[in-house]
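A.B. asks:
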Amino acid sequence: MIAAGSCATGALMLALSRKVFKEVSLLTVATLLCGVVGTGVFLVGDDAIAHGQMLGISLILVPIAVGSLSFSMRPLQFPVRTINKQ
Amino acid sequence: MRLLRDNLLANWWLNFGGASLLASMRAVVQWICLGIWWTRQSKVWLSKMLQSGQDQRQVPPSDSSHFPSECWVTRALKSRKSISAERASGKIQVLALEPFWSFGTVSPASRVETRPKQRTRALQMGLAMPGRANWRFVGVMVAISLVALLFLHLKNPHAVQPTGYLGITLFAAVSLFGQLNGVMQACKARAIEESLLVLTPRWPTQDTVKSLFLQIMFERQSGTWAGWILISLFATVLGWLLKSFLSPSLS
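Just so you know, the sequences run in chain order A and B.
Residue numbering for the first sequence follows my numbering, starting at 1 and increasing by one per position.
Residue numbering for the second sequence follows my numbering, starting at 87 and increasing by one per position.
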């Protein structure tokens, strides 16, 4: 749940602070992957990887941290601009 | 011992079934009563709304709050004399707007005093975003999840993996994604309305809009988080989650 909340909030913040809205954005995919990998690493725990749980928590919190930074530093994309593919 | 346990379980299921039957019958009766009351109330409200709509039609179609009162008009006329006196000195372009700014006919965005919750609701309504968390729905979902967890616990009391709880957590996580995705889709779908909103004179500063978006994000998540925490709390206190699952590093 923490990973889902972090990923969803981070992705929305990143989308709102970008210049244009994209249907599939590399940054959003990377954010989601970070959360998923973090959850996996946290569940595997310290047995498989040294300081696994700490690493997992850090990876889980990366999306919301990056999103918050981007949201606070960059201008808000309002009104939104979507890429017209036609 | 086993026979005693089976008997106890059978009696428990009978009691549980009877209680749930009674509860469902009570709920049906309650909903029927509520429906009758709602139908009567809606008729009264509808007649009141129609009445007020007829009254409003007699008023000229203008927003009276934008026009100055008599007192302001008097003061504006007085200030116009001072403007004409200073016209010769070349300050007219600056002074022309002053009475309107000072009397409130045109108010800058910083002077608009509305509560943050009202502004959040206004932004949500303007962009047709999903509103605040539906707490009744959250309550119903918590109740259904607890019943499902109880059923799974009674079916297999010594389960190693709490599959039901994990499923509910997964469902809550997907719901969380859906809540925020709704906000994003609403933003994307109403780009033209947003560009019109930005042009309005009372549109707040960018920092205020950012804080409104943050509030919306937290509000949208609050229902799901509250429901999941309640379920986890109940499951932990009632012992439906094994200690080995709660703290895997200790086992």
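Note that CB positions come from ideal geometry on N, CA and C, so glycine has one too.
Cβ closer than 9 Å: which chain C residues qualify as neighbours of Gln307 of chain B?
C.D. replies: Note that chain C does not occur in the displayed structure, where the protein chains are A and B.
A.B. asks: So with CB distances below 7 Å, who are the chain A contacts of Ser281 of chain B?
C.D. replies: By Cβ distance, chain A contributes Pro79.
A.B. asks: Can you pull the chain B residues whose beta carbon is under 7 Å from the beta carbon of Ala15 of chain A, in chain order?
C.D. replies: Those within 7 Å of Ala15 of chain A in chain B are Met270.
A.B. asks: If we ignore side chains and look at the alpha-carbon of each, how far apart do Val323 of chain B and Pro243 of chain B end up?
C.D. replies: Looking at the two C-alpha atoms, the distance is approximately 15 Å.
A.B. asks: With DSSP as the reference, identify every bridge partner of Phe21 of chain A, one or two as the case may be.
C.D. replies: Per DSSP, A:Thr82.
A.B. asks: Taking the alpha-carbon positions, what's the Phe223 of chain B to Gly309 of chain B distance?
C.D. replies: Approximately 9 Å, taken between the alpha carbons.
A.B. asks: Out of B:Trp221, B:Gln204, B:Gly313, B:Gln271, which has the shortest C-alpha to C-alpha gap to Pro79 of chain A?
C.D. replies: Nearest option by C-alpha distance: B:Gln271.
A.B. asks: Against chain A, with Cβ distances strictly below 7 Å, would Trp314 of chain B count as a contact?
C.D. replies: For Trp314 of chain B, the answer is yes, since a Cβ of chain A falls inside 7 Å of its Cβ.
A.B. asks: Whole-angstrom Cβ separation of Arg218 of chain B and Glu305 of chain B, contact assumed at under 8 Å?
C.D. replies: Confirmed, Cβ separation roughly 6 Å.
A.B. asks: Answer with buried or exposed for His239 of chain B, where buried requires no fewer than 16 other C-beta atoms within 10 angstroms of its C-beta.
C.D. replies: Buried, by the Cβ-count rule.
A.B. asks: Looking at chain A, which residues of the region 251-270 of chain B have a Cβ within less than 7 Å of any of its Cβ atoms?
C.D. replies: If the cut-off is 7 Å between Cβ atoms, the region 251-270 of chain B has Thr255, Ala258, Ala259, Leu262, Phe263, Leu266, Val269, Met270 near chain A.
A.B. asks: Report buried or exposed for Gly313 of chain B, applying the criterion of at least 16 other Cβ atoms within 10 angstroms of its Cβ.
C.D. replies: Result: buried.
A.B. asks: Quick one: list the residues of chain A neighbouring Met303 of chain B, beta-carbon separation under 7 Å, in chain order.
C.D. replies: Residues of chain A passing the Cβ test: Thr9, Leu12.
A.B. asks: Any idea what DSSP makes of Leu183 of chain B, helix, strand or coil?
C.D. replies: Unreliable positioning characterises Leu183 of chain B in this predicted model, as indicated by a pLDDT of 43, which lies under 50. A coordinate reading is not provided.
A.B. asks: Beta-carbon of Phe42 of chain A versus every beta-carbon of chain B: anything under 7 Å?
C.D. replies: Not an interface residue.
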